[in-house]
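Residue numbers (the working numbering): 47 to 400. Here a beta-carbon is modelled for each residue, glycine too, at the ideal position from N, C-alpha and C. What you are looking at is a predicted structure, and each value in this text was computed from that prediction instead of being measured.
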C-alpha cells in the first residue's frame, strides 16, 4: 500500500505547486525510480492477494459445510465494503470546509462536484465503466468497482472448480488468456503506451490510458485468476514438499520475471520508445507475469521454505496494519487534496519534498 501511495504522491500532484520542474525530467531515468514509475503493478498485488484468500477460504468452507451459496457470498462482500465506502464518499462533501489556499478551489471543487453527480455509480460498482476521468467520484475508486466485478466473475469460476474441477481450472486458464489478449488488442486499438510511462507525461494521455485499460476488470483478470489458481493449489495440496531444484527454478523465474516487469521499462522512460510488438507484448503479459512471481513467493512461504522473507511478511506488526489497508487506500487521496489545496508557496522539486 505504501508503494501505491508513493506512486500517487508523485504522479497526482499539481505541477503548479513546484518550482524548478526541469529537475523532475531526470527522475525517470534513474534505475531505482522505476519502482515509482511502475507502481501501477502494486495494485495487481492486491488483486492477487484478494483472489488467493477468496479461493482458498471459499473452497475450504464449501468442503467443510457441504454447500456453496453465491448470494450469501455476494451479500457478505457488500456488507464488508459498503459502510466504509459510503463514509468516505460522504466525507468528500465536507472537504470545502476543511481549509483554504491558492489551489483550494481548483483542487477540491472538482472532487465534490463529481461526487454530487456520480456517487451512485460508485455504490453500484460501475463507475469504472459509466464515468470518465474527471467525472468519476473519487478517481481512485475504480479499484473498488474493478475488485467487485472480478469477485463476481470469480464466484462462477469457483462454482466450476467445486462441481467439475478440471473444467473449472480450464475455465480459469482461459480467463487468463482472454485477459492478456484483450489488454493487448485494446492497447493496439487505442494507440496507448503499454503502461504508465514517464516518456508520456501528458496528464490527459495518462487519464485516457487509465480509462480504457487500467480501470477495466479485463486488464486485471489475469492476475486475479492466477490468485484463484494459487488458492486452489493450497486447498488441494495440504502438504507441500519441494526439492532443491524446485527452489532454483522457482526463485530464478520469480526474481527474473518480477524484475523484468518493474525495470524492463527503464529504456522506455529514457525516451527510447518500444517497438509496437514489444509494447503489445509487455501490455498483454506484465500484470499476469507479476502475479506469477507473487504466486511462487506465496507458495514458498506457505510451504515453510520462505526463511527470512516469510519472517518479514508474517511479522505480527503487519496484522493490525493489514486491516487498515482498505481505509488507507480510500482516504489517502483526500489527504493529498487537502495538502495540495493548502500549499501557499512553491515547493522545490526533489524526492524528499515529493
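Original post:
Going by the CB atoms, is the gap between residue 127 and residue 190 shorter than 8 angstroms?
Top reply: Between residue 190 and residue 127, the C-beta gap is smaller than 8 angstroms, which places the two residues in contact.
Subject >> Nearest residue (CA-CA) to residue 281, options 307, 312, 204 and 339 >> reply: Relative to the Cα of residue 281, the nearest Cα in the group 307, 312, 204 and 339 belongs to 204.
Subject >> For residue 193, the three-state DSSP class (helix, strand or coil) >> reply: Of the three classes helix, strand and coil, the one that applies to residue 193 here is helix, per DSSP.
Original post:
How far does the alpha helix (DSSP H) with residue 180 in it reach, from first residue to last?
Top reply: Counting along the chain, residue 180 falls outside any alpha helix (DSSP H), and DSSP gives it neither H nor E.
Subject >> residue 312: first and last residue of the uninterrupted alpha helix (DSSP H) it sits in >> reply: DSSP places residue 312 in the uninterrupted alpha helix (DSSP H) bounded by 312 to 315.
**OP:** Return helix, strand or coil for residue 87, following the three-state DSSP convention.
**Re:** Reduced to three states, the DSSP call for residue 87 is helix.
Original post:
Among residues of its own chain, excluding the 5 on either side of residue 157, which ones have a beta-carbon nearer than 7 angstroms to its beta-carbon?
Top reply: Excluding the 5 residues flanking it on each side, residue 157 has same chain C-beta neighbours closer than 7 angstroms at 138, 141 and 383, in chain order.
**OP:** Determine, using beta carbons only, whether residue 296 and residue 95 come nearer to each other than 8 angstroms.
**Re:** Contact flag unset, no.
Subject >> Other residues of its chain near residue 145: CB distance less than 7 angstroms, five sequence neighbours each side excluded >> reply: Shown here for residue 145: same chain residues with a beta carbon closer than 7 angstroms to its own, the five before and five after excluded, namely 384, 387 and 388 in chain order.
**OP:** Please report the Cβ distance between residue 243 and residue 315, rounded to the nearest whole angstrom; I am assuming they are in contact, meaning their Cβ atoms lie under 8 angstroms.
**Re:** Here residue 243 really is in contact with residue 315; their C-beta atoms are around 6 angstroms apart, less than 8 angstroms.
**OP:** Whole angstroms is fine: what's the gap from residue 279's alpha carbon to residue 241's?
**Re:** Spanning the two alpha carbons is a distance of roughly 30 angstroms.
**OP:** Note down, in chain order, each residue of its chain lying with its Cβ closer than 7 angstroms to the Cβ of residue 154, except the 5 sequence neighbours on either side.
**Re:** Taken in chain order, the residues that qualify are 141, 142, 383 and 387.
Original post:
What residue from 86, 171 and 265 has the CA that sits closest to residue 54's CA?
Top reply: Out of 86, 171 and 265, 86 has the C-alpha closest to the C-alpha of residue 54.
Subject >> For residue 47, three-class secondary structure by DSSP >> reply: Looking at residue 47 - three-state DSSP - the assignment turns out to be coil, as it is neither helix nor strand.
Subject >> Where the alpha helix (DSSP H) containing residue 374 begins and where it ends >> reply: Start and end: 371 to 388.
Original post:
Between residue 47 and residue 270, which are expected to be in contact by the criterion C-beta below 8 angstroms, what is the C-beta distance as a whole number of angstroms?
Top reply: That pair is no contact at about 18 angstroms.
Original post:
With residue 230 and residue 329 assumed to form a contact (beta carbons below 8 angstroms), what rounded beta-carbon distance in angstroms separates them?
Top reply: Under the criterion of beta carbons closer than 8 angstroms, residue 230 and residue 329 qualify as touching, at roughly 6 angstroms.
Original post:
Got a sec? Which residues, its chain only, sit under 8 angstroms from residue 222 by beta carbon, not counting five neighbours each side?
Top reply: Hits under 8 angstroms: 267, 268, 271, 272 and 334.
Original post:
Would you call the stretch 364 to 379 and the stretch 96 to 108 in contact, with 3 or more CB pairs under 8 angstroms?
Top reply: Inter-segment contact for the stretch 364 to 379 and the stretch 96 to 108 is absent: fewer than three beta-carbon pairs are separated by less than 8 angstroms.
Original post:
On the three-state DSSP scale, how would you describe residue 248?
Top reply: Residue 248 falls in the coil class under three-state DSSP.
Original post:
For residue 301, does the three-state DSSP call read helix, strand or coil?
Top reply: In this structure, residue 301 counts as helix in the three-state DSSP scheme.
Original post:
What are the boundary residues of the alpha helix (DSSP H) that includes residue 368?
Top reply: Going by DSSP, residue 368 is part of the alpha helix (DSSP H) stretching over 364 to 368.
**OP:** Output the distance between the C-alpha atoms of residue 277 and residue 82, rounded to the nearest integer angstrom.
**Re:** So the two alpha carbons sit approximately 29 angstroms from each other.
Original post:
Going by Cα to Cα distance, which pick from 210, 57, 52 and 352 is closest to residue 246?
Top reply: Here the closest residue by C-alpha is 57.
Original post:
Apart from the five residues on each side of it in sequence, which residues of its chain come closer than 7 angstroms, Cβ to Cβ, to residue 214?
Top reply: For residue 214, where only same-chain residues beyond five positions count, the Cβ hits under 7 angstroms are 203, 206 and 207.
**OP:** Taking all protein chains shown into account, decide if residue 151 is buried (16 or more other Cβ within 10 angstroms of its Cβ) or exposed.
**Re:** Burial is judged here by how many other beta carbons sit within 10 angstroms of a residue's own beta carbon; residue 151 has fewer than 16 and is exposed.
Original post:
What separation, rounded to the nearest whole angstrom, lies between the Cα atoms of residue 290 and residue 351?
Top reply: Separation of residue 290 and residue 351 (C-alpha to C-alpha, rounded to the nearest whole angstrom) is 11 angstroms.
Original post:
Taking buried to mean at least 16 other C-beta atoms within 10 Å of its own C-beta, is residue 125 buried or exposed?
Top reply: In summary, residue 125 is exposed, with fewer than 16 beta-carbon neighbours lying within 10 Å of its beta-carbon over all protein chains present.
Original post:
At which residues does the alpha helix (DSSP H) containing residue 75 begin and terminate?
Top reply: Note, residue 75: premise wrong, no alpha helix (DSSP H); not H, not E.
Original post:
Buried or exposed: residue 342, going by 16 or more other Cβ atoms within 10 Å of its Cβ?
Top reply: With 16 or more Cβ atoms within 10 Å of its Cβ, residue 342 is classed as buried.
Original post:
Do residue 174 and residue 131 have their C-beta atoms closer together than 8 angstroms?
Top reply: No, they are not a contact pair.
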